[in-house]
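Take a look at the structure set out below.
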Amino acid sequence: MIQVENLTKLFGTKRAVDGVSFSVERGEVLGFLGPNGAGKSTTMRMITGFIPPTSGRVRVGGFDVSEQPIAAKRLMGYLPENAPAYTDMTVYGFLNFAAELRGLRGEAKKKAVHRVVEMCFLESVLHQSVETLSKGYRHRTCFAQSIIHDPDVLVLDEPTDGLDPNQKHEVRGLIRRMGEKKAIIFSTHILEEVDAACTRAIIIDRGKIVANGTPDQLRARSEWAGAVTLRVQGLSVEAVKEQLGRLRTAAKVIAQGDGGRVLATVFPRNRGDGELTREVLEATRGWRVEHWHTEEGRLDDVFRSITMPDTQR
Amino acid sequence: MNAWANIRTVAKRELGAYLTSPLAYVFIVIFLLLCGFFTFMVGRFFERGEASLVGPFFDWHPWFYLFLVPAVGMRLWAEERRVGTMELLLTMPITAWQAIVGKFLASWLFLGLALALTFPVVLTVNYLGDPDNGVILAAYLGSWLMAGAYLAISCITSAMTRSQVVSFILSVVICLFLILAGFPPVVRMLEGWAGSWLVELVASFSIITHYDGLQRGVLDVRDVLFFVSLIAFSLFVTGVILRGHRAG
Numbered sequence: 001m002i003q004v005e006n007l008t009k010l011f012g013t014k015r016a017v018d019g020v021s022f023s024v025e026r027g028e029v030l031g032f033l034g035p036n037g038a039g040k041s042t043t044m045r046m047i048t049g050f051i052p053p054t055s056g057r058v059r060v061g062g063f064d065v066s067e068q069p070i071a072a073k074r075l076m077g078y079l080p081e082n083a084p085a086y087t088d089m090t091v092y093g094f095l096n097f098a099a100e101l102r103g104l105r106g107e108a109k110k111k112a113v114h115r116v117v118e119m120c121f122l123e124s125v126l127h128q129s130v131e132t133l134s135k136g137y138r139h140r141t142c143f144a145q146s147i148i149h150d151p152d153v154l155v156l157d158e159p160t161d162g163l164d165p166n167q168k169h170e171v172r173g174l175i176r177r178m179g180e181k182k183a184i185i186f187s188t189h190i191l192e193e194v195d196a197a198c199t200r201a202i203i204i205d206r207g208k209i210v211a212n213g214t215p216d217q218l219r220a221r222s223e224w225a226g227a228v229t230l231r232v233q234g235l236s237v238e239a240v241k242e243q244l245g246r247l248r249t250a251a252k253v254i255a256q257g258d259g260g261r262v263l264a265t266v267f268p269r270n271r272g273d274g275e276l277t278r279e280v281l282e283a284t285r286g287w288r289v290e291h292w293h294t295e296e297g298r299l300d301d302v303f304r305s306i307t308m309p310d311t312q313r
Numbered sequence: 314m315n316a317w318a319n320i321r322t323v324a325k326r327e328l329g330a331y332l333t334s335p336l337a338y339v340f341i342v343i344f345l346l347l348c349g350f351f352t353f354m355v356g357r358f359f360e361r362g363e364a365s366l367v368g369p370f371f372d373w374h375p376w377f378y379l380f381l382v383p384a385v386g387m388r389l390w391a392e393e394r395r396v397g398t399m400e401l402l403l404t405m406p407i408t409a410w411q412a413i414v415g416k417f418l419a420s421w422l423f424l425g426l427a428l429a430l431t432f433p434v435v436l437t438v439n440y441l442g443d444p445d446n447g448v449i450l451a452a453y454l455g456s457w458l459m460a461g462a463y464l465a466i467s468c469i470t471s472a473m474t475r476s477q478v479v480s481f482i483l484s485v486v487i488c489l490f491l492i493l494a495g496f497p498p499v500v501r502m503l504e505g506w507a508g509s510w511l512v513e514l515v516a517s518f519s520i521i522t523h524y525d526g527l528q529r530g531v532l533d534v535r536d537v538l539f540f541v542s543l544i545a546f547s548l549f550v551t552g553v554i555l556r557g558h559r560a561g
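In order, the protein sequences belong to chains Z and C.
According to the working numbering, the residues represented by the first sequence are 1 to 313, in order.
According to the working numbering, the residues represented by the second sequence are 314 to 561, in order.
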């Protein structure tokens, strides 16, 4: 549904987005990750046709956004960053306005407004002016606007920004459910959202894509992936470190005392082959192991190691 | 057909925004008070003893509009840019010019409403004497066209900045130039050192020169065309500026 080819945007001499290519199909929810200023919003603005790309192109449902903007925009719903809305209107008026611009009239318009009001829990503020809404409600109002025409493609720029934990949960659920039938891109810098809602994630840094894969694939890139953590009783920190460090597939061991017990983590030499777990289990036979588990890898760790300049690592 | 529906939707929203804001009513009241005061006190409507609105009423409009129209137009795009709703509006399946025309029409209608509310002065002059109502109608049309021209210029300045205040000041300055280019004292001063062709050229750009004819009931196509093309050109420039912002 969405094809992005070699998209580049220059602001002056600064490359805000630099040769970004990816595609999103129906049934996919793509998480767009990256530090602030990485080019997430700029990319989304180019996809939705708000700003023209310096080079490269975007096609939505087969329509080139630069050449056939109206046809492409019809297929898309867009929640801009910070969820702007006309403050002088009521929620009801605003949604009607959005529906009309989407070409909905009469009964169809009424139904569409009613549907999104229900989906986004806006009944209680329907006739309140947008100006007086709390941030969460304003956000949901703008979100409601983006899905009012039940679009095939949804572009959401930080859809959970400024929501409380319950609302965040709600919105993620909504995204996941809608993602079964639509192509969705959403940006976030909250990593847990990738697990909660995405089928695939892209990490973008300084305008370039630095990682692209399913959440599990990304996690596997973490140095934590495949590491074994265990809590042992009756041994000293040094002894644990020494014995585990001797394992053939262990790259590094960290261990610390924990009230008479030792908490140790062994990192694997080769990620993801599961060899380390087997070795650790063998080596610790006869130990008093209270607890152990194999780490799946941590997204925040991957995120940090990919997006931080080398000097700060 | 579709284009017109989009323009109407945008215009309807914009007009709604005016009519729900107290500022709009303050504007109308100030405009009407000014009209009343200048017509009857400064313009000495009663002392003139003629059944005409040309001198005492319509003469003042270019000057009222100088401050009032930029005040109406300043928020058009500046506010959209400041709040970020422009991103919402321009990613809807409508073209930029539909949005520009829709917003302009709404403000222009609003100014038309304010102007229409001066009708008691027409009733008064009809009660007291026997004026040529055709002339009055032509003058109203001219006044409204002039307001549209000012407004289109305010559209440009509003698109240039996020700040309504900056937009206001800029459009007042530009409109002032357009008035002064044909203002008799300025024209006389220019005649002192410039060739007559230059004076005429400058004056032909003036709003006053073209308004004068309409105000006196002379519906000259050239004058109407001047205002219409000034509006069209200004809206075109607005579009160029908006595109420029988006291109970064």
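A virtual CB, placed ideally from N, CA and C, is assigned to each residue, including glycine.
Under the Cβ distance rule, residue 80 of chain Z counts among the residues neighbouring chain C, one pair being separated by less than 8 Å. Around residue 74 of chain Z, the beta-carbon contacts reaching into chain C at under 7 Å are 406.
Taking a Cβ-Cβ cut-off of 8 Å, residue 553 of chain C has no neighbours in chain Z, whose nearest Cβ is about 14 Å from it.
Non-local beta-carbon contacts of residue 302 of chain Z in its own chain, meaning distances under 6 Å to residues more than five positions away in sequence, involve 218, 221, 222 in chain order. Excluding residues up to 5 positions away in sequence, 527, 530, 532 lie with their Cβ nearer than 7 Å to the Cβ of residue 451 of chain C in the same chain. Taking each of Z:1, Z:18, Z:53 in turn and checking the Cα distance to residue 557 of chain C, the smallest one comes out for Z:53. Shown in chain order are the members of the stretch 25-54 of chain Z whose Cβ falls below 8 Å from a Cβ of chain C: 45, 48, 49, 50, 51, 52. The DSSP assignment places 153-157, 183-188, 200-205 as complete runs of the beta strand (DSSP E) inside the stretch 128-211 of chain Z, in order along the chain (cut-off: 3 residues). DSSP, read as helix, strand or coil, puts residue 366 of chain C in coil. In the displayed model, residue 78 of chain Z falls within a strand according to three-state DSSP. The residue among Z:249, Z:204, Z:115, Z:243 with its C-alpha nearest the C-alpha of residue 38 of chain Z is Z:204. Under the three-state reduction of DSSP, residue 28 of chain Z is assigned to coil, being neither helix nor strand. The three-state reading of DSSP puts residue 6 of chain Z in strand, counting E and B together. Within the stretch 371-404 of chain C, the residues whose Cβ lies closer than 7 Å to any Cβ of chain Z are, in chain order, 396, 397, 398, 400, 401, 403, 404. Under the 8 Å Cβ criterion, the stretch 479-496 of chain C does not count as touching the stretch 404-423 of chain C, having fewer than three qualifying pairs. Looking at the backbone, the Cα of residue 190 of chain Z and that of residue 214 of chain Z are separated by about 16 Å. When only Cα atoms are considered, residue 228 of chain Z and residue 269 of chain Z end up about 12 Å apart. Any Cβ of chain Z closer than 8 Å to the Cβ of residue 561 of chain C would place that residue at the interface, and such an atom is present. Taking a cut-off of 8 Å on C-beta distances, the stretch 453-472 of chain C touches the stretch 427-443 of chain C, as three or more cross pairs fall below it. Residue 316 of chain C: member of the alpha helix (DSSP H) spanning 315-333, first to last residue.
With fewer than 16 other beta carbons inside 10 angstroms of its own, residue 361 of chain C counts as exposed. Chain order gives no chain C residues near residue 137 of chain Z, where near means a beta carbon separation below 9 Å; the closest approach is about 16 Å. The beta carbon of residue 550 of chain C sits closer than 7 Å to the beta carbons of 469 from its chain, once the five residues preceding and following it are set aside; these are given in chain order. Assignment of beta-bridge partners to residue 256 of chain Z by DSSP yields Z:263. Within the stretch 344-425 of chain C, the complete alpha helix (DSSP H) segments of 4 residues or longer fall at 358-361, 374-386, 388-396, 398-403, listed in chain order. Using beta-carbon distances, residue 247 of chain Z does not count as an interface residue toward chain C, since no partner is under 8 Å. With a cutoff of 8 Å on beta-carbon distance, residue 24 of chain Z and residue 185 of chain Z are scored as near each other. Annotation: residue 176 of chain Z to residue 412 of chain C spans about 34 Å, alpha carbon to alpha carbon. Here the C-alpha atom of residue 93 of chain Z lies approximately 21 Å from the C-alpha atom of residue 414 of chain C.
For the pair residue 99 of chain Z and residue 120 of chain Z, the CB atoms are not nearer than the 8 Å cut-off. Counting along the chain, the unbroken alpha helix (DSSP H) around residue 501 of chain C starts and ends at 497-506. Beyond the five residues adjoining it in sequence on each side, residue 135 of chain Z comes within less than 7 Å, by CB distance, of 162 in the same chain, given in chain order. Within the same chain, 102 come within 6 Å of residue 149 of chain Z by CB-CB distance, once the 5 residues on both sides are set aside.
Contact note: residue 97 of chain Z reaches chain C through 322, 323, 325, 326, 329, using a C-beta cutoff of 9 Å and chain order. The C-alpha of residue 506 of chain C is placed about 16 Å away from the C-alpha of residue 496 of chain C.
The count of Cβ pairs closer than 8 Å, one atom from the stretch 506-519 of chain C and one from the stretch 430-446 of chain C, stays below three, leaving the stretches out of contact.
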